[in-house]
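Working notes, beginning with the structure itself.
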Amino acid sequence: MYYISDAMPHNLIRDAFDTLRPRPDRTIHVVGRSRQNPDLVIEVVLDEAPLVAAMYDYS
């Protein structure tokens, strides 16, 4: 599980590169508070494969 509010810039860069190393059937789980409503917690769960494909397409 990844808590976005605890992320430091250098960790975000490292994690982005880590995502580019493919691992089969890996799921990313991100949790963070809403900027508009701090009482609201947002949770996103996604398959890593489409994210990796999109990152390669973007680059």
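Heads up, the sequence shown is in my numbering, so the first residue is -14 and it goes up one at a time. Every residue gets a Cβ at the ideal spot worked out from N, C-alpha and C, and that includes glycine.
Pull up the distance between the alpha-carbon of residue i and that of residue j, whole angstroms please.
i     : j        : result
Leu25 : Ile(-11) : 14 Å
Leu5  : Arg(-1)  : 10 Å
Pro23 : Asn(-4)  : 23 Å
Ser44 : Gln21    : 31 Å
Ile27 : Ser19    : 6 Å
Find the nearest neighbour of residue i within the set the options, judged by alpha-carbon distance.
i     : options                   : result
Arg8  : Met40, Asp32, Ser44       : Asp32
Val30 : Tyr41, Asp42, Ala1, Gly17 : Gly17
By DSSP's criteria, residue i is part of a beta bridge. Which residues make up the other side?
i     : result
Leu31 : Ile13
Arg18 : Val26
Q: Specify whether the region -4 to 16 and the region 26 to 43 touch according to this definition: at least 3 beta carbon pairs, one from each stretch, less than 8 Å apart.
A: The region -4 to 16 vs the region 26 to 43: in contact.
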